[in-house]
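Student: This structure is in structure tokens; I'll ask about it shortly.
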Amino acid sequence: MTTLLVIDDSPIDRRLAGKLLAGRSDWTVLYAADGEEGLQKVRHFHPQLVLTDMQMPDKTGLDVVTEVRKEFPQIPVILMTAQGSEELAVKALQQGAASYVPKRLLAQELTGVVTRVLAATDEDRSRVALFSRLTEQIEQFVLPNDLPLIMSLSHHLQRSLANIWECDTTERVRIGTALEEALLNAYYHGNLEVSSTLKEQDHNAFHEMSEMRRKESPWRDRVIHISSRIQPTMAQFVIHDEGPGFNPAGLPDPTDPEYLERPSGRGVLLMRAFMDEVTYSKKGNEVTLTKHRYPRETPLA
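So for the sequence shown, UniProt numbering puts the first residue at 1; every next one is plus one.
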């Protein structure tokens, strides 16, 4: 059984999140009413994942992230954000949280985010000794508009990086999340040309249009080009779609807290929070993600 810990001082929100997670027969849900109780339960039960509110008395969600990251780096922490907690949540993402879900979207997104984070933590440690001796790994892929293949590639790149770097689970999940967001942007917004504005207006309509375009020309004929270069001290991933692109100069500041509550800001925010460098081509249909194994002493760009 997989043990999940939900930390929230609101009984209503705590029960809602727990009910959503308890729908999986292979998940056991524990609860804590504040950050201090949550940390005590982390130390006692060693859950596979922690889901925490941001605004709580005594210890905030940022405190939970900081202490769990320090004591149990293999346990990922997912944030539940609400209006008023955005600035704190941005800091928590920068400090080591694995992902986040807006409270108003718990019903639609919580189980999916938790499932992806847990899948990324299921690492095959028996290969670490071999791959830690690899000096460089270069791979190139060309993928059709196929979500299962895209997610499979993301997991493969995460495993490759973890094997070579021997990075802890949470750091691997953070890098994997950034990769997934870049790949999903290339799929939905690049090749299929479905705007996140539609997702803000109607979640179902967004996915219905995506599925329709995936089967029709010219969208179905486009592919995603991915190149990966992993060295002992640096990893770089280039993701290129065949869509019309966009003007990168027009991107809003992804670290602005208001974008935590908007689907249109999620991908860019997570990429910039979890990677050291994120750069776009002039046309906007290619993004390069760079991560240094030994972080530089510079603020988030």
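Note that CB positions come from ideal geometry on N, CA and C, so glycine has one too.
Predicted model, so just to flag it, every value in this text is computed and none were measured.
Identify whether histidine 155 lies in helix, strand or coil by the three-state DSSP scheme.
Tutor: Three-state result, histidine 155: helix.
Student: Opposite serine 227 in the DSSP bridges: which residues?
Tutor: Paired residue(s): Gln140, Val238.
Student: For histidine 207, does the three-state DSSP call read helix, strand or coil?
Tutor: Histidine 207: helix per DSSP, three-state reduction.
Student: Span of the beta strand (DSSP E) holding isoleucine 7?
Tutor: Where isoleucine 7 is concerned, the enclosing beta strand (DSSP E) stretches over 2 to 7.
Student: So for aspartate 221, helix, strand or coil by DSSP?
Tutor: The answer is helix: DSSP assigns aspartate 221 an H, G or I state.
Student: If you pair each beta-carbon of the stretch 89 to 98 with each one of the stretch 65 to 72, do three or more pairs fall below 8 Å?
Tutor: The stretch 89 to 98 is in contact with the stretch 65 to 72.
Student: Tell me isoleucine 78's beta-bridge partners as DSSP assigns them.
Tutor: Leu51, Ser99.
Student: How is the alpha helix (DSSP H) around valine 64 delimited, first residue to last?
Tutor: 61 to 71 is the extent of the alpha helix (DSSP H) around valine 64.
Student: Taking the alpha carbon of glycine 35 as the point to measure from, which residue in Asp8, Met1, Arg133, Met212 has its own alpha carbon closest?
Tutor: The residue with the shortest Cα to Cα distance from glycine 35 is Asp8.
Student: Give me the Cα-Cα distance between asparagine 285 and glycine 176, rounded to the nearest whole angstrom.
Tutor: One C-alpha to the other measures close to 20 Å.
Student: On the CB-based measure, 16 or more other CB atoms within 10 Å of its CB, does histidine 189 come out buried or exposed?
Tutor: Histidine 189 comes out buried.
Student: From leucine 105 to serine 217, what does the alpha carbon distance come to, in whole angstroms?
Tutor: Rounded to the nearest angstrom, the two C-alpha atoms are 32 Å apart.
Student: Rounded to a whole number of angstroms, what is the C-alpha to C-alpha distance between alanine 178 and valine 278?
Tutor: In a straight line, the C-alpha of alanine 178 is about 10 Å away from that of valine 278.
Student: Could you name the residues of the same chain whose beta carbon sits closer than 7 Å to that of glycine 245, not counting the 5 residues immediately before and after it, in chain order?
Tutor: Correct list, in chain order: Lys283, Gly284, Asn285.
Student: Kindly indicate which residue of Ala120, Asn145, Ser227 has the alpha-carbon position closest to the one of alanine 162.
Tutor: Considering only alpha carbons, the answer is Ala120.
Student: Output needed for lysine 41: all residues of its chain with C-beta closer than 7 Å, excluding positions within five of it in sequence on either side, in chain order.
Tutor: Within the same chain, lysine 41 has close Cβ partners Leu5, Leu30, Ala32.
Student: Exposed or buried, which one is lysine 291 when buried takes at least 16 other CB atoms within 10 Å?
Tutor: Lysine 291 should be labelled buried.
Student: Give the straight-line distance between the Cα atoms of leucine 289 and leucine 251, rounded to the nearest whole angstrom.
Tutor: Their Cα atoms are separated by approximately 16 Å.
Student: How would you label threonine 60, buried or exposed, when you count the other beta carbons within 10 angstroms and need 16 or more for buried?
Tutor: The residue is buried, with at least 16 neighbouring Cβ atoms inside 10 Å.
Student: Between the C-alpha atoms of leucine 20 and threonine 135, what's the straight-line distance to the nearest angstrom?
Tutor: Cα to Cα, the separation comes out at about 44 Å.
Student: In the DSSP output, what is threonine 135 paired with across the bridge?
Tutor: Paired residue(s): none; threonine 135 is not in a bridge.
Student: Tell me which same chain residues have a C-beta within less than 6 Å of the C-beta of arginine 213, skipping the five on either side of it?
Tutor: Excluding residues within five positions, the ones whose Cβ falls inside 6 Å are Leu192, Trp219.
Student: Glutamine 83: buried (16+ other C-beta within 10 angstroms of its C-beta) or exposed?
Tutor: Classification of glutamine 83: exposed, given that the 10 Å Cβ count is below 16.
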